[in-house]
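**Q** Residue numbers (the working numbering): 34 to 249.
(1) How long is the line joining the alpha carbons of residue 111 and residue 211, rounded to whole angstroms?
(2) Where does residue 77 fall in DSSP's three states?
(3) Which same chain residues end up closer than 6 Å to residue 77 when comparing Cβ atoms and leaving out the 5 residues on each side of it in sequence?
(4) Can you tell me whether residue 112 is helix, strand or coil according to DSSP?
(5) Under the assumption that residue 122 contacts residue 72 (Cβ atoms under 8 Å), give the Cβ distance between them as a whole number of angstroms.
(6) Just list the residues that DSSP pairs residue 131 with in beta bridges.
(7) Beta carbon of residue 132, beta carbon of residue 124: below 7 Å?
(8) Please state whether DSSP places residue 157 in a helix, a strand or coil.
(9) For residue 74, which residues in the same chain have their Cβ closer than 7 Å to its Cβ, ignoring the five residues on either side in sequence?
(10) Between which two residues does the alpha helix (DSSP H) holding residue 209 run?
(11) Based on the DSSP output, what are the partners of residue 86 in its beta bridges?
(12) Using three-state DSSP, classify residue 196 as helix, strand or coil.
(13) Give every residue of the same chain whose Cβ lies closer than 6 Å to the Cβ of residue 147, excluding the five residues on either side of it in the sequence, and list them in chain order.
(14) Are the Cβ atoms of residue 99 and residue 57 separated by less than 7 Å?
(15) With which residues is residue 103 paired in a DSSP beta bridge?
(16) Using three-state DSSP, classify residue 48 as helix, strand or coil.
(17) Beta carbon of residue 208, beta carbon of residue 129: below 7 Å?
(18) Since I believe residue 82 is in contact with residue 149 (beta carbons under 8 Å), could you give me their beta-carbon distance rounded to a whole number of angstroms?
(19) Within 10 Å of its beta-carbon, does residue 39 have 16 or more other beta-carbons around it, so buried, or fewer, so exposed?
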């Protein structure tokens, strides 16, 4: 079903970004599904255990499906827009432009997907620290989490990615920023580093880089 009917009342749009496609749904205030649309998104696997996507391609797909599900309704009656997505890592520079997460230098591919397992060595070293913060993630980190992937970028793509990075987003946070133009606290720091709100607001990525520098 694509395109909602003209109905009185309030509407809500939900957008879900999966591994291979983006889906959007329009529901009314009772939770009744009025419209649904989906759109495929690109994936790259340049080498074993390296899985990448494009934040621009993902956002374009989000726009396509959202436009489809709101066709035929009064946009002034939309009361909410929510995003759900995989725990993939989006990397942007200080001007919010995509940065490459690959050895080829392709900045279009600026997303490390959740299933990317390139950071096996890094996650082992993080877990070996036995830092108290690990208790908040079940005692050990998974290679699919963001912190080991960030450490991999620091150690393998320092000049082309790490040193130029200004913004690391979990994918749902990236989508919220694209929709609103407002940056907010990212789950990556909230989950993996015990920092105060003041430190985050004033230091942000600089503090994250300092924290990862302590992992040998």
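Don't be surprised by glycine CBs; every beta carbon is placed ideally from N, CA and C. What you are looking at is a predicted structure, and each value in this text was computed from that prediction instead of being measured.
**A** Short version:
(1) As a working mapping, residue 111 is identified with position 78 in the chain shown. As a working mapping, residue 211 is identified with position 178 in the chain shown. Per the coordinates, the alpha-carbon of residue 111 lies some 18 Å from the alpha-carbon of residue 211.
(2) Locating residue 77 in the chain shown gives position 44, where the first residue counts as 1. If DSSP states are grouped into helix, strand and coil, residue 77 belongs with the strands.
(3) Stepping through the chain shown from its first residue, residue 77 is reached at position 44. Hits under 6 Å: 85, 142.
(4) Numbered from 1 along the chain shown, position 79 holds the residue referred to as residue 112. Strand.
(5) Start at 1 with the first residue of the chain shown, and residue 122 comes out as number 89. Start at 1 with the first residue of the chain shown, and residue 72 comes out as number 39. In fact, because the Cβ distance is near 22 Å, the residues do not count as touching under 8 Å.
(6) To locate residue 131, count along the chain shown from 1; it is residue 98. Residue 131 is bridged to 125.
(7) For this step, residue 132 is matched to residue 99 along the chain shown. For this step, residue 124 is matched to residue 91 along the chain shown. Their beta carbons are under 7 Å apart, which means residue 132 touches residue 124 by this criterion.
(8) As a working note, residue 157 is residue 124 in the chain shown. Of the three classes helix, strand and coil, the one that applies to residue 157 here is helix, per DSSP.
(9) For the purposes of this step, residue 74 is taken as the residue at position 41 of the chain shown. So the qualifying residues of the chain are 53, 54, 55, 86, 90, 91, 94.
(10) The sequence position of residue 209 within the chain shown is 176, counting from 1. Residue 209 -> alpha helix (DSSP H) spans 204–213.
(11) Taking the first residue of the chain shown as 1, we reach residue 86 at position 53. Residue 86 is bridged to 144.
(12) The count along the chain shown starts at 1 and reaches residue 196 at position 163. If DSSP states are grouped into helix, strand and coil, residue 196 belongs with the helices.
(13) To locate residue 147, count along the chain shown from 1; it is residue 114. Around residue 147: 119, 120, 121, 177.
(14) Residue mapping note: residue 99 aligns to position 66 of the chain shown, counting from 1. Residue mapping note: residue 57 aligns to position 24 of the chain shown, counting from 1. Cβ distance < 7 Å, so residue 99 and residue 57 count as in contact.
(15) Residue 103 sits at position 70 when you count from the first residue of the chain shown. DSSP, once it has assigned bridges, lists no residue as partnering residue 103.
(16) On the chain shown, position 15 is the one that residue 48 refers to. In this structure, residue 48 counts as strand in the three-state DSSP scheme.
(17) Taking the first residue of the chain shown as 1, we reach residue 208 at position 175. Taking the first residue of the chain shown as 1, we reach residue 129 at position 96. Taking the C-beta atoms as reference points, residue 129 is found no nearer than 7 Å to residue 208.
(18) Here the question's residue 149 lines up with position 116 in the chain shown. Here the question's residue 82 lines up with position 49 in the chain shown. Beta-carbon to beta-carbon, residue 149 and residue 82 are separated by about 7 Å, close enough to satisfy the 8 Å threshold.
(19) Position 6 of the chain shown, counted from the first residue, corresponds to residue 39. Unreliable placement is indicated for residue 39, whose pLDDT of 47 sits below 50; no coordinate value is reported for it.
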